[in-house]
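Numbering of the sequence shown is given in this note's numbering, commencing with residue 30 and proceeding in unit increments.
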Amino acid sequence: MKTPKWPPCSTGWRANARPGCGATGWTRPNCWGALFAPEDGCLDPGHLAAALHADAKRLGVTVHSGKVGRVTTAAGRVTSLVVGRSRIPVEQVVIAAGVWSSKIGGLPRPLPVEPVRGQLVATAWPGGVPAAIVFHGEGYLLPRGNEAILGSTMERVGFNARTTAAGVSQIRRATARLCPGLSALPAHRAWAGLRPVTPDARPIIGADPDVGGLWYATGHGRNGILLAAITGEIMGDLLATGRTDVDIGQLAVGRFTTGA
Ligand SMILES: Cc1cc2nc3c(=O)[nH]c(=O)nc-3n(C[C@H](O)[C@H](O)[C@H](O)COP(=O)(O)OP(=O)(O)OC[C@H]3O[C@@H](n4cnc5c(N)ncnc54)[C@H](O)[C@@H]3O)c2cc1C
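The structure is reproduced here in structure tokens:
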């Protein structure tokens with residue numbers, strides 16, 4: 030086998046390029062190297078959402094459940110949200126509905142946020158293999174509880190969030206290349222989600238240029254969990270003071286119409 034060329038790495042540790050760098054219990058014998066990122070981490074997004082929800086309640090936030098049908102505006106400002114038969118007066122609105130953001134009625138512009146399906150599979154954690162987040166170009170796995178979470182696909186299939194046999198076997202094949210012991214383990218379950226992806230793969234964060242009180246925090250694609258905290262900080266500052274210290278110029282909603 031030809032030795033692959035490795036890009037320079039600024040941090041972490043790279044195994045010597047040699048066959049069988051799976052001395053850690055990972056990877057097939059034909060792996061030639063790896064980058065070790067000791068500060069990499071992972072979390073359960075469901076737990077994160079529940080924790081944020083609990084914290085918001087603790088801080089006095091009132092949570093209303095319901096599907097927003099449309100935003101109403103008058104004299105260049107948002108005025109209300111239509112939820113079912115109710116109309117809720119509002120002064121500010123943040124559009125943060127993931128892939129469904131563009132389906133909310135009454136917005137002053139189309140939002141180019143497209144769904145990209147990702148399927149996931151859970152198995153038991155392979156015996157004798159240390160827990161780690163392991164990733165290569167075609168797949169990844171990470172520990173969650175006693176399970177291994179295996180991912181993922183990138184599929185443009187509209188708003189279809191179902192799993193498929195082809196998707197699951199693609200994930201199983203790719204992750205078995207990372208850890209051969211996985212192939213013998215049955216899938217506990219498989220599920221899928223829709224990533225909100227924009228044409229330039231950057232989120233849309235900030236004010237609507239034409240409608241006062243209308244804000245966007247959407248289109249985070251593959252990184253919405255990673256970027257949740259910074260997005261929340263930016264939006265909190267914008268809503269409270271109208272400004273943020275973070276340079277969000279490249280994330281403006283207007284870039285899709287003005288080329289900004
Ligand atoms: C398989 C897979 C793996 C991923 N892995 C990672 C990862 O490793 N790291 C990472 O950072 N990100 C990852 N992501 C991406 C991440 O999940 C998304 O970027 C993130 O969930 C986007 O957050 P969001 O709040 O914008 O949208 P969502 O999480 O989709 O939430 C949108 C919410 O809006 C609600 N909603 C929709 N329409 C309306 C309406 N009309 N009225 C009221 N509410 C509405 C929905 O019910 C939903 O609760 C992954 C995604 C998938 C599918």
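Just so you know, even glycine gets a beta-carbon here, dropped at the ideal spot from N, CA and C.
Item: Got a sec, what are the start and stop residues for the beta strand (DSSP E) G196 sits in?; Value: Run containing G196: none in the beta strand (DSSP E); it sits in the alpha helix (DSSP H), 194-207.
Item: Just list the residues that DSSP pairs T102 with in beta bridges.; Value: V107
Item: Three or more C-beta pairs under 8 Å: does that hold for the segment 113-131 against the segment 150-164?; Value: no
Item: Out of Q148, I254, V275, W244, which has the shortest C-alpha to C-alpha gap to G283?; Value: W244
Item: Quick one, are the C-beta atoms of L88 and T101 less than 9 Å apart?; Value: no
Item: What does DSSP give as the partner residues of P172 in its beta bridges?; Value: A177
Item: Just checking, does the segment 226-245 make contact with the segment 164-172 on the three C-beta pairs under 8 Å criterion?; Value: no
Item: Starting from G222 and walking both ways along the alpha helix (DSSP H), at which residues does that stretch end?; Value: Premise fails: G222 lies in the beta strand (DSSP E), 216-226, not in any alpha helix (DSSP H).
Item: Less than 9 Å between the beta carbons of V107 and V122, yes or no?; Value: yes
Item: Look at the alpha carbon of R191 and the alpha carbon of K86, and state the distance between them as a whole number of angstroms.; Value: 32 Å
Item: Looking only at its own chain, which residues have a Cβ that is under 8 Å from the Cβ of L72, when we skip the five neighbours before and after it?; Value: I254
Item: Just grab the DSSP bridge partners of R116 for me.; Value: V111
Item: Is R351 near ligand 1 - that is, is its Cβ less than 8 Å away from at least one heavy atom of it?; Value: Lying before the first or after the last residue shown, residue 351 is absent from the chain, which here runs from 30 to 289.
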